[in-house]
Amino acid sequence: MVYSAISIIFVPMNAQQIENIHWSENVIIADAEYIDRVAFDLIVNFERMLDRRIPPADLSRWTMDIALDGGLREGKHETQLVLLHDAKNTKLENFAPADYKNELNGKAFNDERLGEFIVNTIATDGKMSNKEEVMLDILQLILGHKEVQRIMVVPDADASDVWQTLRNTLDRGSEFIHETTLFAMQPMPGGRFAQQILGYSLMNAMGITQREIDEKMK
Numbered sequence: 020m021v022y023s024a025i026s027i028i029f030v031p032m033n034a035q036q037i038e039n040i041h042w043s044e045n046v047i048i049a050d051a052e053y054i055d056r057v058a059f060d061l062i063v064n065f066e067r068m069l070d071r072r073i074p075p076a077d078l079s080r081w082t083m084d085i086a087l088d089g090g091l092r093e094g095k096h097e098t099q100l101v102l103l104h105d106a107k108n109t110k111l112e113n114f115a116p117a118d119y120k121n122e123l124n125g126k127a128f129n130d131e132r133l134g135e136f137i138v139n140t141i142a143t144d145g146k147m148s149n150k151e152e153v154m155l156d157i158l159q160l161i162l163g164h165k166e167v168q169r170i171m172v173v174p175d176a177d178a179s180d181v182w183q184t185l186r187n188t189l190d191r192g193s194e195f196i197h198e199t200t201l202f203a204m205q206p207m208p209g210g211r212f213a214q215q216i217l218g219y220s221l222m223n224a225m226g227i228t229q230r231e232i233d234e235k236m237k
């Protein structure tokens with residue numbers, strides 16, 4: 020898939036004031052430490068398999084791939100990426116751009132086919148329970164917003180209680196109709212949401228193709 024050139028612009032928005040955020044029609048909520056950990060594992064494994072250096076995942080490309088996997092189609096859309104991260108961590112280690120404060124929070128990029136993507140970062144106290152609570156608070160909040168049409172969530176799928184909590188929340192439903200997709204590295208217990216495999220979007224964002232893998236495995 021070929022994407023257009025991306026331009027980074029400043030979008031004034033205080034991501035720490037969750038309730039005051041203007042929510043886009045499409046919202047992606049991701050556990051930053053989890054996607055960073057999965058990205059690291061993929062880099063290590065594919066460098067061994069393909070015998071070449073694997074670059075950090077392109078965050079903008081990954082965000083667009085998640086949106087596409089979540090059902091977004093060509094058009095003038097507005098999509099919001101919310102990255103929840105431990106306060107002690109100032110950046111992603113396996114993505115580019117990576118610095119939460121200086122490169123990501125309050126920034127946006129445009130794609131000529133898919134529209135505008137806005138990035139917000141929210142620091143948590145580093146406890147799993149706190150990050151889970153913040154993710155759940157955001158999810159419950161946007162479920163109550165009619166203007167939010169599509170929701171994509173990338174939780175720490177290695178923590179089964181997080182997945183179960185999100186599933187229970189979505190099973191209770193909402194007065195509004197939302198197209199909701201949860202991402203993990205393997206199929207998980209389902210509910211009132213679609214599922215997608217996280218690894219495919221990360222591989223694409225790292226420039227790893229199925230053709231290259233097939234050629235190497237011959």
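Taking the working numbering, the leading residue of the sequence shown gets 20, the next gets one more, and so forth.
For each residue, glycine too, the CB sits at the ideal point set by N, CA and C.
Assigned secondary structure, residue i (DSSP; H/G/I helix, E/B strand, else coil)
i       : result
Lys-110 : strand
Gln-168 : coil
Ala-178 : coil
Glu-198 : strand
Lys-150 : helix
Asp-130 : strand
Ile-227 : coil
Gly-209 : coil
Asn-139 : strand
Sub-8 Å separation of residue i and residue j beta-carbons
i       : j       : result
Ser-220 : Asp-84  : yes
Gly-89  : Met-171 : yes
Glu-198 : Arg-169 : yes
Leu-133 : His-96  : yes
Leu-103 : Val-63  : no
Residues near residue i by beta carbon distance below 6 Å, same chain, minus five either side
i       : result
Leu-160 : none
Gln-99  : Ser-43, Val-46, Ile-137
Met-236 : none
Val-181 : Glu-151, Pro-174, Asp-175
Cutoff 8 Å; reference residue i; Cβ partners in own chain excluding five residues on either side
i       : result
Pro-74  : Ala-115, Met-225, Gly-226
Gln-214 : Thr-200, Leu-201, Phe-202, Ala-203, Pro-206, Met-207
Beta-carbon proximity list for residue i, same chain, < 7 Å, skipping 5 on both sides
i       : result
Leu-111 : Ala-51, Asp-55, Ala-117
Leu-217 : Val-57, Val-173, Phe-202, Ala-203, Met-204
Contact belief for residue i with residue j at Cβ below 8 Å, rounded distance in angstroms
i       : j       : result
Leu-185 : Leu-162 : Contact flag wrong, Cβ pair sits at about 11 Å.
Val-155 : Thr-188 : According to the sequence as given, residue 155 is Leu; it is not Val. The pair is a contact, with the Cβ atoms about 6 Å apart (cut-off 8 Å).
Thr-143 : Lys-150 : 4 Å
Asn-223 : Arg-80  : 7 Å
Asn-113 : Phe-65  : Contact flag wrong, Cβ pair sits at about 12 Å.
Within the stretch 45-120, note down every full beta strand (DSSP E) run reaching 3 residues or more, in order along the chain.
45-50, 96-105
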